[in-house]
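**Q** Residue numbers for the sequence shown follow this note's numbering, so the first one is 73 and each next one is one higher.
Glycine is no exception: its CB is placed at the ideal position from the N, C-alpha and C atoms.
Pasting a structure here, questions to come.
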Amino acid sequence: MRILMPCAAFPPVIDGGGPVSSLMLAKMLLAEGHDLRVVHVSDEDRHEVFDGVPVHRLRSLNLYWNYYTPRPAWQKMAWHLLENGNPRAFLAMRREIADFSPDIVLTVSIENVNVATWAAARAAGIPVAHTVFSAFMMCWNGVMQKRGENCAGQCTSCKVTSFGRRQFSRLVDTVIGESHDILRRHVDEGYFPNAVARRVPAAIDAIHATTPRAFPRGRPFRVGFLGVHTRFKGFGTLARAAGMLSPDADVEFLVGGTGRDAFAEEARALFPPERTTFLGWTTPESFFPQVDVLVYPTIGREAFGRATIEAFSYGVPVIASSIGGVAENVEAGVNGYHVAPDDAEALRARIEAMAGDPQDYERLSRGALDAARGYLRPHVGRLLSGVLEETLARRNAAGTPLAAEAAQ
């Protein structure tokens, strides 16, 4: 197949797990023998090959590109309104489709490249698959939270500011999610009414541990956190749990990642200094060999939680919140455990229980390594390729747009 892959973001610009996953998807599809071109928005307009992937970088199709830079409120509102259907993006993607002549368009998240991409593909008679990495389609800030609390559904302001996105989602033939949770939430809110839903998880390059972890002897049990130091990520929950540890608990904390606001500073101050090392920005390759368990205490409904499967690849079990895609990755009692979100006492108890049970820990480490095999790139690549081939085959067999078929 010839696959045009418009992405919200792509390396070397890395603002989270999304760009890394986009690169992984592209490399998996190339390894499956498909022709592929990535197109995404950046601060320049040029063609290049990045890490073996053909890429066309476009200048912003909206008012601005880097939405992490502080902007006036009116610019933010205008940016979000244009993300509901941008004529400029439609024309740019129509040109891209005409130039590349794809068999299928696979959008990977949709910020910046715009939902108008789907209209451009439909106008050209090209089937569309879309991968959701976040709640951006449903929520203007992408996390479905207000004042630190999870939203049960779309609020009025999000329904208004995402109205166009919902309408354009009718043009998608197959919607792909890294978890059942992210797919279910979109479908329940009325998105992708004509699409077939398929789960394809994120992937890892390799399994880095050759054997399960042995329980640590002669040193404290090391609890790791890797991510931005935000309330959403549950950093404050872990900080409170760390401060509750029993005095005789032989546990220490290795904290990777950064956060520069007042919340992050206050949360870091709650960790017992004699038990805690702050590593700052670090890589998975450096971080995971140092820790015995990864704690992923997010209080938000994340689409996947890539760090969980990276931990598995090192034989590191995971203690994760019991919500969202993160919870789907962790099988309780097999490769880790669940705790209720924002329950610091439950998290403390689970950490101390794992640190005090060598036999259970080593069993969980074996389970983590076993789980990692299901996320290896060749396996996930075959899953993704199969979903795209299914989409194209159904179009060819029907001879009509898949959206029309699904609506019957």
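Can you give the beta carbon distance from VAL300 to THR330, rounded, assuming they're within the 8 Å contact cut?
**A** 7 Å
**Q** Rounded to whole angstroms, what is the Cα-Cα separation between TRP190 and SER251?
**A** 22 Å
**Q** Quick one: Cα of VAL390 to Cα of PHE359, how far?
**A** 14 Å
**Q** Do you know how far the Cα of ARG438 is from the Cα of GLY290?
**A** 21 Å
**Q** Need the endpoints of the beta strand (DSSP E) that CYS79 sits in, please.
**A** 74-79
**Q** In the DSSP assignment, the beta strand (DSSP E) including PRO126 goes from what residue to what residue?
**A** 125-131
**Q** In terms of alpha-carbon separation, which member of GLY405, ASP415, ALA201 lies closest to GLU461?
**A** ALA201
**Q** Using DSSP with H/G/I as helix, E/B as strand and the rest coil, what is ASN222?
**A** strand
**Q** Hey, could you find the ends of the alpha helix (DSSP H) PHE235 is sitting in?
**A** 235-240
**Q** Is it true that the region 320-330 meets the region 345-361, where meeting means three or more beta-carbon pairs spaced less than 8 Å apart?
**A** Judged by Cβ distances under 8 Å, the region 320-330 makes contact with the region 345-361, as three or more pairs qualify.
**Q** Could you give the distance in angstroms between the alpha-carbon of LEU14 and the alpha-carbon of ARG166?
**A** No answer is possible for residue 14: it lies beyond the span of the chain, which begins at 73 and ends at 480.
**Q** Can you list, in chain order, the stretches of the alpha helix (DSSP H) that have 4 or more residues and sit fully within the region 347-420?
**A** 356-359, 378-385, 396-401
**Q** Could you give the first and the last residue of the continuous alpha helix (DSSP H) run that contains ALA269?
**A** That residue, ALA269, is in no alpha helix (DSSP H); its beta strand (DSSP E) goes 268-271.
**Q** Of the residues ARG378, ARG422, VAL459, ASP432, which one's Cα is nearest the Cα of ALA268?
**A** In the sequence as presented, Ala is not what sits at residue 268; that position holds Val. Out of ARG378, ARG422, VAL459, ASP432, the CA that lies nearest to the CA of VAL268 is found in VAL459.
**Q** ASN156 to VAL244, Cα distance in whole Å?
**A** Spanning the two alpha carbons is a distance of roughly 15 Å.
**Q** Would you give the residue range spanned by the beta strand (DSSP E) that ARG303 belongs to?
**A** No beta strand (DSSP E) contains ARG303, which DSSP labels as neither H nor E.
**Q** Closest to PHE235 by C-alpha separation, out of ARG256, SER173, TRP212, would be which residue?
**A** Out of ARG256, SER173, TRP212, TRP212 has the C-alpha closest to the C-alpha of PHE235.
**Q** How about VAL185 and ALA161: are their beta carbons less than 8 Å apart?
**A** yes
**Q** Quick one: what's SER457 bridged to in DSSP?
**A** The bridge partners DSSP lists for SER457 come to none.
**Q** Pull up the distance between the alpha-carbon of PHE208 and that of VAL215, whole angstroms please.
**A** 7 Å
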